[in-house]
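Respectively, the protein sequence lines represent chains A and B. Under the working numbering, the first residue of the first sequence is numbered 1, with each subsequent residue one higher. Under the working numbering, the first residue of the second sequence is numbered 362, with each subsequent residue one higher. We put the beta carbon where it would ideally sit given N, CA and C, even for glycine. No experiment lies behind these values; they were computed from the predicted model shown. Let me begin by presenting the structure, written as structure tokens, before commenting on it.
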Amino acid sequence: MDHTDCSSQHDQRHVGTSSGTPTPYRAGLTRRSFLRRSTAAVGGMAALVAALSPLKDLDVEDMFSVERFLQKHYKELSPEELEKVLERIRAQVERDYKFRPELKDIKATEGVQFVYGLNLSRCIGCRRCVHACVKENNQSRSPEIQYIRVLEIPRGTIDIEHSNHYYDRKEVPDPDSFYMPVQCHQCKKPPCVKVCPIEATWQEADGITVIDYDWCIGCRYCEAACPYWARRFNFAKPTYAQDDEGNYLLNHTMTYLSNRPRQQGVMEKCHFCLQRTRVGRLPACLEVCPVGARKFGDVTDPESEVSQILRSKRIFVLKKEVGTEPRFFYYFDERHPQTKTSAPTVTIEGLEPGGRTGGGH
Amino acid sequence: MNEYARFLWRCFRISFVGDWRYYAWMTVLTVISLLGLNAYCKQLVNGLMTTGMTDQVSWGMYIANFTFLVGMAAAAVMLVIPVYIYRNKELHDLVIFGELLAVAVIVMCLLFVTVDLGRPQNFSHLMRRFNFPISMLTWDVIVLNGYLLLNCHITGYLIFCDYMKREPRKMLFVVPFVLVAIVWAVSIHTVTAFLYVGLGGRPFWNSAIIAPRFLASAFSAGPAFIVLTLQVINRFSHYKIPRQALLTLRQIILVALTINVFLLVSELFTEFYTGSEHIASTRYLYFGLAGGYNTLVPWIWTALCMSSIALIILYLPLARSLRFFNIACLLIIFGIWIEKGAGLIIPAFIPTPLGEVVEYWPTWNETLICLGIWAFGLLLYTIFVRITIPVLAGKLTYDTDYVYKPDGPSAPASLESTAPTP
Chain A
1 MDHTDCSSQH
11 DQRHVGTSSG
21 TPTPYRAGLT
31 RRSFLRRSTA
41 AVGGMAALVA
51 ALSPLKDLDV
61 EDMFSVERFL
71 QKHYKELSPE
81 ELEKVLERIR
91 AQVERDYKFR
101 PELKDIKATE
111 GVQFVYGLNL
121 SRCIGCRRCV
131 HACVKENNQS
141 RSPEIQYIRV
151 LEIPRGTIDI
161 EHSNHYYDRK
171 EVPDPDSFYM
181 PVQCHQCKKP
191 PCVKVCPIEA
201 TWQEADGITV
211 IDYDWCIGCR
221 YCEAACPYWA
231 RRFNFAKPTY
241 AQDDEGNYLL
251 NHTMTYLSNR
261 PRQQGVMEKC
271 HFCLQRTRVG
281 RLPACLEVCP
291 VGARKFGDVT
301 DPESEVSQIL
311 RSKRIFVLKK
321 EVGTEPRFFY
331 YFDERHPQTK
341 TSAPTVTIEG
351 LEPGGRTGGG
361 H
Chain B
362 MNEYARFLWR
372 CFRISFVGDW
382 RYYAWMTVLT
392 VISLLGLNAY
402 CKQLVNGLMT
412 TGMTDQVSWG
422 MYIANFTFLV
432 GMAAAAVMLV
442 IPVYIYRNKE
452 LHDLVIFGEL
462 LAVAVIVMCL
472 LFVTVDLGRP
482 QNFSHLMRRF
492 NFPISMLTWD
502 VIVLNGYLLL
512 NCHITGYLIF
522 CDYMKREPRK
532 MLFVVPFVLV
542 AIVWAVSIHT
552 VTAFLYVGLG
562 GRPFWNSAII
572 APRFLASAFS
582 AGPAFIVLTL
592 QVINRFSHYK
602 IPRQALLTLR
612 QIILVALTIN
622 VFLLVSELFT
632 EFYTGSEHIA
642 STRYLYFGLA
652 GGYNTLVPWI
662 WTALCMSSIA
672 LIILYLPLAR
682 SLRFFNIACL
692 LIIFGIWIEK
702 GAGLIIPAFI
712 PTPLGEVVEY
722 WPTWNETLIC
732 LGIWAFGLLL
742 YTIFVRITIP
752 VLAGKLTYDT
762 DYVYKPDGPS
772 APASLESTAP
782 TP
């Protein structure tokens with residue numbers, strides 16, 4: 001594209017300039033410069049095409065779908081539009097995984113406040129919850145995305161910074177350790193929701209923080225903001241195991257905001273198994289727990305198990321100092337000496353041990 | 362309008378003309394940019410799996426470079442302030458070079474953020490649902506793009522006026538925008554600092570000193586970069602940079618770097634003297650953690666040494682020699698790139714909020730993307746400077762038929778005579 005040959009034209013143009021009239025620039029096209037420029041242009045284009053060549057493996061339907069491009073944010077979808085979106089996703093799951101999912105959208109019930117309690121006296125660190133969760137919620141198997149991380153903490157401390165995340169024992173529990181599973185705490189003041197630039201994640205009426213996987217741009221700011229390390233990113237397109245007949249091992253019951261298959265490049269996290277809990281079932285991690293260390297329920301119902309635990313047991317929340325007011329609390333078997341008879345306060349502040357026990361430990 | 366289109370066309374043409382050094386430089390930059398583009402295409406297809414990032418360390422070199430470059434862009438005002446506030450005439454024309462640098466660097470910043478996105482195809486969502494003013498990232502989107510527009514306007518207007526041989530209407534189209542740009546420059550860096558500072562779950566970032574330190578380091582690395590660019594311009598074109606300009610910049614760098622070192626010492630004292638558990642990340646950065654986790658240790662000490670040596674040089678009479686001053690500038694740029702890039706972003710993730718230690722090291726593909734963006738930014742800046750110099754020198758104007766020949770000391774003398782003096 002160079003134009004070093006213009007010196008031959010130089011004299012003529014020099015005249016043009018000195019006569020005082022603005023002469024528009026015209027390329028002096030000699031044969032040689034034309035050839036040279038064409039070669040450079042062709043070479044440049046070839047290099048550009050070569051640079052772009054990896055795009056031939058791009059999943060075009062995933063990248064440039066008009067339907068998807070025009071799709072509105074979950075909260076702006078009318079019921080008809082939502083049904084269309086669900087149908088599109090069903091078709092997509094059918095295309096990718098060869099089965100037609102029972103995909104629905106289940107809304108939160110007003111007046112319900114889900115709360116999760118975990119009994120540290122009972123947890124034996126078997127990690128069954130971790131794997132049940134992966135199966136239930138259709139996380140990618142390779143690389144495997146897990147929502148629950150079980151920490152093995154030496155007895156005599158409760159310092160998670162010295163916990164072992166990768167303990168590998170033939171038998172659990174180890175007598176010198178206790179176990180602390182951590183997952184999304186569904187904070188009442190979620191930092192992840194605050195930082196999201198496009199409102200792709202928000203808190204629902206029942207307290208569950210959800211993600212619109214179709215809206216997320218994958219900036220991972222929420223992942224940096226979470227003090228519980230509860231958010232996970234799809235660094236690649238999720239991959240799933242198949243059985244001998246080639247069927248994908250996936251949970252066919254799905255909802256829009258929870259366990260439908262995710263795309264490459266979006267965030268995901270624990271959502272208290274809302275496809276189960278919003279229709280009256282219990283989370284998968286709780287159901288599988290062999291020792292009954294996990295309790296889940298509606299804190300607005302004074303008779304629910306979690307309400308009773310909040311009234312009677314010694315409880316604490318993780319990283320109270322970051323001010324997130326989790327809906328996930330830890331407790332011990334021992335009853336608190338001053339068990340309250342009245343219902344616990346509905347607000348999450350009610351979870352704070354200092355605020356409700358009065359007596360201290 | 363017609364004239365403007367012709368101006369742009371001529372700018373485009375001239376960017377393809379130069380001597381052999383220009384071609385060599387541009388070819389190298391183009392090749393690296395294309396390699397980066399190629400690497401990005403691979404990332405687009407396979408996902409961020411191609412990077413060294415993990416759920417544990419979820420931001421890496423992209424965001425590190427972004428942070429450093431925001432500072433470089435902000436530093437352009439350090440040339441503007443002396444000119445428009447203190448009426449320092451030496452730096453007057455140099456303002457344009459500073460602001461052009463800001464334009465190129467902001468483009469690089471935007472590219473670094475874009476390549477970091479998991480789903481760039483959802484980019485339009487930013488226009489459709491904007492979590493403003495709650496999310497600091499939305500503030501960053503606004504201030505960065507606003508700064509880009511401001512600088513495009515100021516430089517574009519001034520250069521076009523020179524091209525049209527018109528006296529720019531300064532009080533209307535320049536000065537108000539420049540004054541806004543000065544405040545805006547501080548804001549881009551403050552907002553970027555707030556992006557990190559506001560996260561309660563990351564004690565390494567959750568410190569009020571980060572924003573002032575950002576500014577101090579930016580105002581040393583940015584002018585240092587400009588000093589080097591100005592000398593390149595001096596060397597390879599007819600445009601002569603007044604020596605006084607470099608001396609003014611030296612003063613700015615000296616003050617900013619001193620403040621930066623002071624703030625760093627304050628921060629380190631607070632962290633290590635308190636010795637609370639929250640210093641795990643700081644300890645990881647400076648000394649490594651038990652179990653052989655010490656990837657960043659040699660880097661941060663290199664950075665500290667570089668900053669210290671530069672500071673010593675600048676305080677000595679030695680710095681009056683251009684060679685030593687240049688060495689100091691290089692040390693500052695590289696030192697701050699480490700300190701404020703990798704040294705600020707990566708340790709915040711190590712250990713994770715649950716105490717897990719996973720280290721980060723960029724992959725080859727990720728490194729290529731970074732290099733590609735750097736090369737592309739330099740390419741842009743070279744083109745900007747290539748266009749600006751003949752315009753400022755009055756050689757490329759609407760009524761001259763600027764000959765598309767290399768603009769350098771090697772150009773034939775006859776060219777000089779055709780150029781009307783401004």
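(request) For chain A, find out if any of its Cβ atoms is closer than 9 Å to the Cβ of TRP420(B); answer yes or no. (result) What you label residue 420(B) is simply residue 59 of the second sequence in a count that begins at 1. Yes, TRP420(B) lies at the interface with chain A (some Cβ there is under 9 Å from its Cβ).
(message) For a cutoff of 9 Å on Cβ pairs, would you count VAL317(A) as touching chain B?
(response) Position 317 of the first sequence holds residue 317(A). Closer than 9 Å: no.
(message) When you compare the CB positions of SER568(B) and GLU638(B), do they come within less than 9 Å of one another, or not?
(response) Looking up residue 568(B) in the second sequence gives position 207. Looking up residue 638(B) in the second sequence gives position 277. No; because the gap between Cβ atoms is not below 9 Å, this pair is not in contact.
(request) Answer yes or no: does any C-beta atom of chain B fall closer than 9 Å to that of ARG149(A)? (result) In the first sequence, counting from the first residue as 1, residue 149(A) sits at position 149. Cβ-Cβ to chain B under 9 Å: yes for ARG149(A).
(message) Check whether chain B comes within 9 Å of SER304(A), counting only Cβ atoms and requiring the distance to be less than that.
(response) Taking the first sequence and counting its residues from 1, one reaches residue 304(A) at position 304. No, its Cβ sits nowhere closer than 9 Å to a Cβ of chain B.
(request) Could you list which residues in chain A have their beta carbon closer than 7 Å to that of HIS403(B), in chain order? (result) One-based indexing of the second sequence puts residue 403(B) at position 42. According to the sequence displayed, residue 403(B) carries Lys and not His. Result: PRO54.
(message) Taking 6 Å as the limit between beta carbons, can you name the residues of its chain near ARG26(A), skipping five residues before and five after?
(response) Taking the first sequence and counting its residues from 1, one reaches residue 26(A) at position 26. Note that ARG26(A) scores a pLDDT of 48, beneath 50, so its modelled location is shaky and nothing firm can be said.
(message) For PRO403(A) and GLN264(A), I'd like the C-alpha separation in whole angstroms.
(response) The structure shown does not extend to residue 403(A), since chain A spans only 1 to 361, so no value can be given for it.
(request) Flag PHE64(A) as yes if its beta-carbon sits less than 9 Å from any beta-carbon of chain B, otherwise no. (result) For the purposes of this step, residue 64(A) is taken as the residue at position 64 of the first sequence. Yes - at least one Cβ of chain B is within 9 Å of the one on PHE64(A).
(message) Here's the rule: buried if 16 or more other CB atoms are within 10 angstroms of the residue's CB, otherwise exposed. What is ASP333(A)?
(response) Here residue 333(A) refers to the residue found at position 333 of the first sequence. The residue is exposed, with fewer than 16 neighbouring Cβ atoms inside 10 Å.
(request) State the start and end residues of the unbroken alpha helix (DSSP H) segment that holds ARG574(B). (result) Residue 574(B) sits at position 213 when you count from the first residue of the second sequence. Taken as a continuous stretch (DSSP letters only), the alpha helix (DSSP H) holding ARG574(B) covers 571 to 597.
(message) Which residues in chain B have a C-beta closer than 9 Å to the C-beta of HIS327(A)? List them in chain order.
(response) The residue labelled residue 327(A) in the question sits at position 327 within the first sequence. The amino acid at residue 327(A) is misidentified as His; the sequence shows Arg. Neighbours of ARG327(A) on chain B: none; closest Cβ ~17 Å, over 9 Å.
(request) Quick one: which residues of the stretch 158 to 178 of chain A get their C-beta closer than 9 Å to a C-beta of chain B? List them in chain order. (result) ASP159, ILE160, GLU161, HIS162, SER163, HIS165, TYR166
(message) Can you give me the C-alpha to C-alpha distance between VAL476(B) and SER65(A), rounded to a whole angstrom?
(response) For the purposes of this step, residue 476(B) is taken as residue 115 along the second sequence, with counting starting at 1. For the purposes of this step, residue 65(A) is taken as residue 65 along the first sequence, with counting starting at 1. Whole-angstrom Cα-Cα distance: 20 Å.
(message) Applying the 10 Å Cβ sphere with the 16-neighbour rule, what's the burial state of VAL93(A)?
(response) Along the first sequence, read from residue 1 onward, the residue named residue 93(A) stands at position 93. When all chains shown are included, VAL93(A) counts as buried.
(request) Indicate whether at least one CB of chain B lies closer than 9 Å to the CB of MET254(A). (result) As a position in the first sequence, residue 254(A) is number 254, starting the count at 1. Not closer than 9 Å to any Cβ of chain B, the Cβ of MET254(A) fails to qualify, so no.
(request) Please list the residues of the stretch 683 to 716 of chain B that have a C-beta atom closer than 8 Å to any C-beta atom in chain A, keeping them in chain order. (result) ALA709, PHE710, PRO712, THR713, PRO714, LEU715, GLY716
(message) Along the chain, where does the beta strand (DSSP E) containing SER177(A) start, and where does it finish?
(response) Translated into positions along the first sequence, residue 177(A) becomes position 177. Looking at the DSSP string, the run of the beta strand (DSSP E) that includes SER177(A) is 177 to 182.
(request) Over the uninterrupted beta strand (DSSP E) stretch that includes ILE640(B), give me the two end residues. (result) Residue mapping note: residue 640(B) aligns to position 279 of the second sequence, counting from 1. Segment: none, ILE640(B) is in no beta strand (DSSP E) and carries neither H nor E.
(request) Consider the Cβ of MET414(B): report whether some Cβ of chain A lies at a distance smaller than 9 Å. (result) If you number the second sequence from 1, residue 414(B) lands on position 53. Taking Cβ atoms only, chain A reaches closer than 9 Å to MET414(B), which makes this a yes.
(message) At the 9 Å Cβ level, is PHE745(B) part of the contact set with chain A, yes or no?
(response) For this step, residue 745(B) is matched to residue 384 along the second sequence. Not one chain A Cβ lies under 9 Å of PHE745(B).
(message) Considering only their Cβ atoms, is the gap separating VAL438(B) from GLY459(B) smaller than 9 Å?
(response) Start at 1 with the first residue of the second sequence, and residue 459(B) comes out as number 98. Start at 1 with the first residue of the second sequence, and residue 438(B) comes out as number 77. A contact, by the Cβ cut-off of 9 Å.
(request) Could you tell me the distance, in whole angstroms, from the CA atom of LEU509(B) to the CA atom of ILE706(B)? (result) Translated into the one-based positions of the second sequence, residue 509(B) becomes position 148. Translated into the one-based positions of the second sequence, residue 706(B) becomes position 345. C-alpha separation (whole angstroms): 24 Å.
(message) Quick check on TRP202(A): does DSSP put it in helix, strand or coil?
(response) Locating residue 202(A) in the first sequence gives position 202, counting from the first residue. Looking at TRP202(A) - three-state DSSP - the assignment turns out to be strand.
(message) So for LYS84(A), helix, strand or coil by DSSP?
(response) The sequence position of residue 84(A) within the first sequence is 84, counting from 1. The answer is helix: DSSP assigns LYS84(A) an H, G or I state.
(message) Using a Cβ-Cβ cutoff of 9 Å, what residues of the stretch 616 to 642 of chain B are near chain A? List them in chain order.
(response) GLU638, ALA641
(message) Does MET362(B) come out as helix, strand or coil in the three-state DSSP assignment?
(response) Taking the first residue of the second sequence as position 1, residue 362(B) is located at position 1. MET362(B) falls in the coil class under three-state DSSP.
(request) May I ask you to list the residues that DSSP assigns as paired with ASN164(A)? (result) Walking along the first sequence from the start, residue 164(A) turns up at place 164. According to DSSP, which records beta bridges pairwise, ASN164(A) is partnered with GLU152(A).
(message) Judging by CA-CA distance, which residue of PHE685(B), HIS550(B), LEU679(B) is the nearest neighbour of LEU589(B)?
(response) Taking the first residue of the second sequence as position 1, residue 589(B) is located at position 228. The candidate whose alpha carbon is nearest that of LEU589(B) is PHE685(B).
(message) Relative to the C-alpha of GLN139(A), which candidate in LYS340(A), THR239(A), VAL288(A), GLY280(A) has its C-alpha closest?
(response) For the purposes of this step, residue 139(A) is taken as the residue at position 139 of the first sequence. Comparing Cα positions, the closest option is THR239(A).
(request) Would you mind reading off the limits of the alpha helix (DSSP H) that contains VAL112(A)? (result) Position 112 of the first sequence holds residue 112(A). Per DSSP, VAL112(A) belongs to no alpha helix (DSSP H) and is neither H nor E.
(message) Do CYS289(A) and SER136(A) count as a contact pair if the criterion is CB distance below 9 Å?
(response) Locating residue 136(A) in the first sequence gives position 136, counting from the first residue. Locating residue 289(A) in the first sequence gives position 289, counting from the first residue. Reading off the sequence, residue 136(A) comes out as Glu, not Ser. No; because the gap between Cβ atoms is not below 9 Å, this pair is not in contact.
(request) Return helix, strand or coil for GLU268(A), following the three-state DSSP convention. (result) For this step, residue 268(A) is matched to residue 268 along the first sequence. GLU268(A): strand per DSSP, three-state reduction.
(message) Any beta carbon from chain B within less than 9 Å of PHE235(A)'s own beta carbon?
(response) Sequence index remark: in the first sequence, residue 235(A) carries index 235 (1-based). It does: the Cβ of PHE235(A) has a partner Cβ on chain B nearer than 9 Å.
(message) Does the CB of LEU509(B) have a neighbour CB from chain A at under 9 Å?
(response) Numbered from 1 along the second sequence, position 148 holds the residue referred to as residue 509(B). By this cut-off, LEU509(B) is not an interface position.
(request) Return the CA-CA distance between LYS269(A) and GLY207(A), expressed in angstroms with no decimal places. (result) As a working mapping, residue 269(A) is identified with position 269 in the first sequence. As a working mapping, residue 207(A) is identified with position 207 in the first sequence. Those two C-alpha atoms are separated by around 14 Å.
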